[in-house]
Amino acid sequence: MTAEEREAEAALLSAAAESGENADADKNGGSAAQKEEIKPEFSRKFILYILKKGFVRYFIDAFTGMAQGLFCTLIAGTILGQIGTWITSAGTDAALAVGGGVTAVANIAKMLMGAGIGIGIAHSLKAPKLVMFTAAVAGLVGAFGDAIVDGFTGGFVSSSVNDVLSGIAPAAPGNPIGSYVVSVLAVELGRQVAGKTKVDIVVVPLVMFVICLFAVWAAWPFIQLVNLIGEGVALATAATPAVMGIVIAAVMGILLTLPTSSAAIWLAVASPVVAAYAAGEVSFATYDAILLAGGAAMVGCSAHMVGFAVQSFRENKWGGLIAQGIGTSMLQIPNLMRHPQIMVPPIIASIIVGPLSTCVFGLRCNAVGGGMGTSGLVGIFGAIDASVEVGLPEWKLALGIVFCCFVIPAVVCFAVSELMRKLGWIKYGDQSLSV
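What follows is the structure, given as C-alpha cells:
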C-alpha cells in the first residue's frame with residue numbers, strides 16, 4: 045500500500061469514526077434531523093479530501109515535475125543555443141565547427157522537451173522505475189500528439205509513419221500540454237501494472253505504449269483549447285495592448301511565483317501561434333501580437349523576480365538578490381503561505397510595466413522566454429531575439445529591457461514594500477530565505 049493510499053484510508057477511517065460518534069450521540073437523545081446530517085457530512089469531508097489530494101497531485105506535484113523536465117531540456121537547450129550562436133558569430137573555421145556542434149546539442153535538447161516532461165512528471169508522482177523510464181516515450185508522444193491524431197484522421201494507418209514525422213519540424217519541442225496529459229495518464233495507468241508480473245520489463249513499456257495511443261486523443265481537446273486561448277490572447281493584445289499588457293503581466297508574474305510553471309504555461313499558449321505562422325496559417329499581424337503579449341509576460345515575470353530580490357534585500361542580502369533576481373521568486377513560496385501580503389509590491393510593479401512594455405517600448409518576446417523573466421536571463425535573450433526579428437530599434441529595445449525588467453520593478457517594489465513596513469504590514473523576517 046502506497047503512502048497516498050494509507051493517507052486516504054486514514055482520512056476515511058477518521059471521517060467514519062466521527063460519523064460513528066455522532067450516531068452514538070444521536071442514540072442518546074439526538075434529533076432525527078441530526079441523524080440525517082451524518083451521512084452527507086461524511087460524504088462531504090471525504091469528497092473534499094479527494095479533491096484536495098487530486099489538486100495537489102496533478103496541479104502542484106505534476107506541474108513541478110513538468111517544470112523540471114522543461115528546464116532540463118528546452119530551457120537549457122535554449123541557453124546553450126544562444127551560446128552556440130555567439131561562438132558561430134566569430135566567423136572563423138574553428139568557431140563555426142565548435143558553434144555548430146554546440147547548436148546541434150542544443151537542438152536535440154530542445155526536441156527532447158516531451159521526454160524530459162514525461163520523466164519529470166513520473167518522478168514527481170513517485171512512479172516505479174520502469175514506469176519512470178517509459179514515461180520518456182509517453183511525454184515525447186504527447187508533445188506531438190496533435191500530429192499523431194492528424195495522421196490517424198488523415199489516413200495515417202493506410203499510408204506510412206512518415207505522415208506523422210513530416211509534421212514535426214527539426215528541433216521543434218512540440219506542445220507541453222499534450223505532453224503533460226499523455227504523461228499523467230500513462231504514468232497513473234502504467235503504475236497499476238508495475239509489479240504485477242514476472243516480466244514487468246516487457247509488459248510495463250508495452251502497456252504504456254498502448255495507453256499513449258489512446259491518451260493522445262484525450263490530450264487533443266486540451267491542445268486545441270490552449271491553441272484557441274493563444275489565438276485569443278494575440279487578437280486581444282492587438283486590439284487593446286494596454287489592457288492586455290496589464291492582465292498578462294500581472295497573471296504571468298503571479299504564476300511564476302506560485303508553485304506552477306509559468307514557462308510551460310506561456311510556451312503552451314504562444315507556441316501554437318508561432319508554429320501556425322511558420323506554416324503560413326496565420327498572418328504576421330497575429331504572430332507579432334503574440335510576440336508583443338510575450339513581451340508583457342516577460343516583464344511581468346521579471347517584475348516579480350527583481351521585485352522580490354530588491355524588497356527582501358534587507359533580510360537576504362546579496363545571496364538572496366542573486367537567487368531571486370536571476371534564479372526564481374518561487375523561493376518565497378513558504379513565506380507567501382504565512383505572509384501573502386508580501387506579493388503586493390511585485391503585483392503592483394507588474395501592472396505598471398506591462399502596458400509600458402506593450403504601448404511605449406513595444407517589447408517582443410518568443411514563446412520560450414515569455415514565462416521566464418530574468419531567470420537565467422532566458423527571457424532577456426528571448427526578448428532580444430523576437431524584438432530584433434520584427435525590427436524594433438535597438439535603443440528602444442535596450443531602454444525597454446533596462447526600465448521594464450530592472451529599474452521600474454526595483455524602484456516600485458522597494459518603495460511599496462518600505463511603505464508597507466512602516467505601516468506594519470510587512471515585518472523584518474517575513475521574507476527571509478535560507479540562501
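Under my numbering, residues 45 to 479 are what the sequence shown spells out, in order.
For each residue, glycine too, the CB sits at the ideal point set by N, CA and C.
Check	Outcome
Of the listed residues Leu-124, Asp-474, Ile-161, Val-318, nearest to Thr-330 (C-alpha basis)	Val-318
Whether Cys-409 touches Gly-297 by CB criterion (8 Å)	no
Backbone CA spacing between Leu-311 and Met-374 [nearest angstrom]	19 Å
Cα-Cα separation, Ala-280 to Ala-294	16 Å
Inter-residue Cα distance where the pair is Val-185 and Lys-170	21 Å
Beta-carbon proximity check, Cys-35 vs Gly-289, cutoff 8 Å	Outside the modelled stretch of the chain, which goes from 45 to 479, sits residue 35, for which no answer is possible.
Integer Cβ distance of Ala-308 from Met-110, believed to fall under 8 Å	6 Å
Neighbour-count burial assignment, Ile-377, 16 or more Cβ in a 10 Å radius	exposed
Alpha-carbon to alpha-carbon, Ala-134 and Gly-128	10 Å
Cβ-Cβ distance between Val-354 and Ala-454 below 8 Å	yes
Secondary structure of Ile-392, DSSP reduced to three states	helix
Close Cβ partners of Leu-441 (< 8 Å) along its chain, the five nearest in sequence each way excluded	Phe-405, Leu-407, Ala-427, Ile-428, Ser-431, Val-432
CB contact flag (Met-157, Pro-249, <8 Å)	no
C-alpha gap between Gly-473 and Gly-364, whole angstroms	13 Å
Assigned secondary structure, Thr-241 (DSSP; H/G/I helix, E/B strand, else coil)	coil
Range covered by the alpha helix (DSSP H) that runs through Ile-161	157 to 168
Among Cys-448, Gly-195, Ala-120, Thr-301, the one whose alpha carbon lies nearest that of Ile-395	Cys-448
8 Å Cβ cutoff met for Asn-271 and Pro-217	no
Val-231 beta carbon less than 8 Å from that of Ile-273	no
Under the three-state DSSP convention, the category Lys-418 falls into	As written in the sequence, residue 418 is Thr, which differs from the Lys given in the question. Correct three-state label for Thr-418: coil.
Ala-67 in three-state terms, based on DSSP	Residue confidence is low: Ala-67 scores 44 on pLDDT, short of 50, so the model does not pin down where it sits. No coordinate-derived value is stated.
Minimum Cβ-Cβ distance from Gly-444 to chain B less than 8 Å	The chain inventory of the structure shown lacks chain B, comprising one protein chain alone.
Spatial neighbours of Tyr-321 in its chain, beta-carbon cut-off 6 Å, leaving aside the 5 residues before and after	Tyr-331
Helix, strand or coil at Glu-359 according to DSSP, with G and I counted as helix	helix
C-beta atoms of Gly-417 and Met-464 nearer than 8 Å	no
Whether Ile-470 touches Ser-461 by CB criterion (8 Å)	yes
Buried versus exposed call for Leu-257 [16 or more other C-beta atoms within 10 Å across all chains shown]	exposed
Enclosing alpha helix (DSSP H) for Phe-447 [first to last residue]	Segment: none, Phe-447 is in no alpha helix (DSSP H) and carries neither H nor E.
Same chain only: Cβ atoms within 6 Å of Leu-57, ignoring 5 sequence neighbours per side	Reliability of the predicted coordinates at Leu-57 is poor, the pLDDT of 48 falling under 50, and the value obtained from them is presented with this limitation in mind. Closer than 6 Å at the Cβ level, and outside the excluded window around Leu-57, lies no residue.
Cα-Cα separation, Lys-97 to Thr-147	42 Å
Burial state of Cys-403 (16 or more Cβ within 10 Å)	exposed
Residue of Ile-91, Val-228, Val-142 minimising C-alpha distance to Val-181	Val-228
Per-residue burial, Pro-399 [other beta carbons within 10 Å of its own, 16 or more giving buried]	buried
Which of helix, strand or coil DSSP assigns to Lys-154	helix
Nearest-angstrom Cα separation, counted from Ile-267 out to Ala-59	Note on Ala-59: pLDDT 47, under 50, position unreliable in the model; the coordinate value appears next. So the two alpha carbons sit approximately 39 Å from each other.
Where Pro-316 sits in the DSSP three-state scheme	helix
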